[in-house]
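J.: This is the structure, below, for whatever I ask next.
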Amino acid sequence: MPSRILIVDDDADLLKLLQIRLAANGYEVSCATSGEEALARVAAARPDLVITDLRMDGMDGMALFEALHQGRPGLPVIMLTAHGSIPDAVAATRKGVFGYLTKPFDSKQLLAEVEQALASGSGAGVEAVGNVQQFGDMLTRNPALQEVLARAQLVAGGDASVLISGESGTGKELLARAIHRTSKRAERPFVAINCGAIPENLLESELFGHVRGAFTGASRDKAGLFEAASGGTLFLDEIGDMPISLQVKLLRVLQERMVRPLGALKSLPVDVRVISATHCDLPLMIRQGEFREDLYYRLHVVNLRLPSLESRREDIPLLAQHFLQQMARKYGKQVNQFAPDAIEILVGMSWPGNIRQLENFVEQLVALSTTPVISAVIVQSLLFGESSLPATSFEEARRNFERDYLVQLLKIAAGNVTQAARLAKRNRTDFYKLLERNQIDPAQFKAG
Ligand SMILES: Nc1ncnc2c1ncn2[C@@H]1O[C@H](COP(=O)(O)OP(=O)(O)OP(=O)(O)O)[C@@H](O)[C@H]1O
Ligand SMILES: [Mg+2]
């Protein structure tokens, strides 16, 4: 299908000339002789690109751009400018106009600019493979993940225990919530607990509850999370971090479907669906004697594995745009798209922290951006900091990179050095040395 172009100029001769040139190259062209006329025609013409004169009587090119932008933020616009108005045209590109051509221009310049602008409008140069599928708040166009989501949807209705595995930041909790929301337990609580974040002795009473006097400091009865989640879903996050002694007790609760709070004489019936999640390789942990095999089989009646972001790069433009809209709302900023080369950088980057890292990165881009379109320059400066300036020496660039990299990791890991070290594929001791050398204090990245 030929691309449709709407051209706007109050100079009838130039308009005719442009129309002939573009039509000769296979484009479907419609014309308007004023900004007002262009706006009136745009609904019917449904252009993929608008080329407009900057200076016109009545509504000028910039006012036309802003009006068009309201309705269709992704529609690329090229400005035509006379010699004296180049500064205005440059200012216009800062506001999100795709580009400008200074009169007189030749066919080659015109066609090159048109091609680029059209490519920017059609999914930012990155091919959209497959259709977007959504389950709960999870979006994807990756076939492997779509299959996982389809299975999740299928099992959501039942009560089977589900184990979700996947690297850090791949959406394990989001998927657990989506399953809960589509289940028949949706009206009842979804209770999440991170088994790795709570000391062993507290975890037990947290899960099962205790009665007054069960241990020093237990001044009154306290219901456990199994009780709190009654009728709903209990999400056991980072199940691989659960101490082995507690694994035994958890298994018993799941088998007997009864829970006995610490210090209590009587057991209470349990009515929860358990969804657990882990970034660990549980079968490996079983072989190493760190995870109980019988518990594993209880938990992973259904096993859902989330692929890493790097193995589904086609999702990067989709998710980046999704987070861009979210963050623009959060910050009340007029940022609405990425420049095609900015997206290209994102697609090519490495994402050890997966979607969470992408989300943080886009948040920082939106916070930094002063234009509606996020440019490649902004992405680069965020990636490499000052070191992207060519004046920097190699040594300095490497130091800057190392520092920025460590800071990024700590942000993703919210100051958790063990997790950050894991992302960097370093052991903790090495990682601490790196932090020391770069004078970075991990405590400053802790959440809250
Ligand atoms: N497919 C997706 N579509 C939209 N947002 C997503 C998707 N996957 C993840 N997210 C978002 O990415 C962030 C990280 O997801 P989530 O917390 O579920 O990951 P996780 O696997 O539990 O990570 P961690 O191991 O670090 O706890 C969340 O803000 C979530 O909303
Ligand atoms: Mg999580």
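Numbering of the sequence shown is given in numbering that gives the first Met the number 0, commencing with residue 0 and proceeding in unit increments.
All C-beta atoms in this analysis are idealised placements derived from N, C-alpha and C, irrespective of residue type, glycine included.
Computed from a prediction, not measured in an experiment: that's the story for all the values here.
At 3 residues or longer, what runs of the beta strand (DSSP E) sit wholly inside the stretch 180-247?
T.: List check, beta strand (DSSP E) in window: 189-193, 232-236.
J.: Helix, strand or coil for residue 46, going by three-state DSSP, please let me know.
T.: Reduced to three states, the DSSP call for residue 46 is coil.
J.: Grouping DSSP H, G and I as helix and E and B as strand, with all else coil, what is residue 435?
T.: Residue 435: helix per DSSP, three-state reduction.
J.: Quick one: grab the DSSP three-state call for residue 264.
T.: In the structure shown, residue 264 sits in coil (DSSP, three-state: anything other than H, G, I, E or B).
J.: Taking residue 330 as the reference, give the member of 366, 310, 351 with the closest Cα.
T.: Of 366, 310, 351, the residue nearest in Cα terms is 366.
J.: Given a cut-off of 9 angstroms, decide if residue 276 and residue 225 are closer than it, judged by their beta-carbon atoms.
T.: Their beta carbons are not under 9 angstroms apart, which means residue 225 does not touch residue 276 by this criterion.
J.: Taking 9 angstroms as the cut-off, decide whether the C-beta atoms of residue 17 and residue 9 are in contact.
T.: Against a cut-off of 9 angstroms, the Cβ pair of residue 9 and residue 17 comes out as no contact.
J.: Any heavy atom of ligand 1 closer than 8 angstroms to the CB of residue 354?
T.: Yes, since a heavy atom of ligand 1 falls inside the 8 angstroms radius drawn around the Cβ of residue 354.
J.: From 92, 80, 117, pick the residue whose C-alpha is nearest to that of residue 103; which is it?
T.: Among 92, 80, 117, the Cα nearest to that of residue 103 belongs to 80.
J.: Counting C-beta neighbours from all protein chains within 10 Å, is the total for residue 311 16 or more, i.e. buried, or is it exposed?
T.: Label assigned to residue 311: buried.
J.: Evaluate the contact criterion for the stretch 264-279 versus the stretch 229-248: three or more CB pairs, one atom per stretch, below 8 angstroms.
T.: The stretch 264-279, when compared against the stretch 229-248, does touch it at the 8 angstroms Cβ threshold.
J.: Taking all protein chains shown into account, decide if residue 105 is buried (16 or more other Cβ within 10 angstroms of its Cβ) or exposed.
T.: Burial call: exposed.
J.: Helix or strand or just coil, what does DSSP make of residue 328?
T.: If DSSP states are grouped into helix, strand and coil, residue 328 belongs with the helices.
J.: Below 7 angstroms CB to CB, which residues in the same chain sit around residue 157 once its five sequence neighbours on both sides are set aside?
T.: Closer than 7 angstroms at the Cβ level, and outside the excluded window around residue 157, lies no residue.
J.: Measuring from each Cβ to the nearest heavy atom of ligand 2, keep the ones under 6 angstroms and list them in chain order.
T.: Selection output, chain order preserved: 171, 172, 236.
J.: What residue range does the beta strand (DSSP E) around residue 169 cover?
T.: No beta strand (DSSP E) contains residue 169, which DSSP labels as neither H nor E.
J.: So, are the CB atoms of residue 303 and residue 162 less than 9 angstroms apart?
T.: In contact: residue 303 and residue 162 (Cβ atoms closer than 9 angstroms).
J.: If you compare alpha carbons, which of 24, 383, 74 is closest to residue 48?
T.: For residue 48, the nearest C-alpha among the options comes from 74.
J.: How many angstroms separate the CA atom of residue 179 from the CA atom of residue 238?
T.: Answer to the nearest angstrom: the Cα atoms are 18 angstroms apart.
J.: What does DSSP give as the partner residues of residue 302 in its beta bridges?
T.: The partner list for residue 302 (beta bridge, DSSP) reads 162.
J.: Go through its chain and collect everything with a Cβ distance to residue 123's Cβ below 7 angstroms, but skip five positions before and after it.
T.: In this prediction, residue 123 has a pLDDT of 34, which is less than 50 and means its spatial position is unreliable; nothing more can be read from the coordinates.
J.: Buried or exposed: residue 296, going by 16 or more other Cβ atoms within 10 Å of its Cβ?
T.: Exposed.
J.: In three-state terms, what does DSSP make of residue 129?
T.: With a pLDDT of 49 at residue 129, under the threshold of 50, the modelled position of that residue is not reliable, and the figure given next carries that caveat. Coil at residue 129, not helix or strand.
J.: By the three-class DSSP mapping on this structure, what secondary structure does residue 6 have?
T.: In this structure, residue 6 counts as strand in the three-state DSSP scheme.
J.: Let's see if you can read the secondary structure: which residues bound the alpha helix (DSSP H) around residue 526?
T.: The requested residue 526 does not occur in the structure, where the chain is confined to residues 0 to 447.
J.: Of all the options 373, 84, 99, which has the alpha carbon lying nearest to the alpha carbon of residue 332?
T.: Among 373, 84, 99, the Cα nearest to that of residue 332 belongs to 373.
J.: To which residues does DSSP link residue 427 through a beta bridge?
T.: According to DSSP, residue 427 bridges with nothing at all.
J.: Nearest-angstrom Cα distance between residue 422 and residue 208?
T.: The straight-line gap from Cα to Cα measures roughly 34 angstroms.
J.: Closer than 9 angstroms, CB to CB, is residue 234 near chain C or not?
T.: Of the protein chains in this structure there is only one, and it is not chain C.
J.: Any idea which residues DSSP pairs residue 27 with across the strands?
T.: Residue 27 is bridged to 3.
J.: Assuming residue 204 contacts residue 261 (C-beta within less than 8 angstroms), just tell me the rounded distance between them.
T.: Contact flag correct, Cβ pair sits at about 5 angstroms.
J.: Just verifying my parser: in three-state terms, what is the DSSP assignment at residue 272?
T.: If DSSP states are grouped into helix, strand and coil, residue 272 belongs with the strands.
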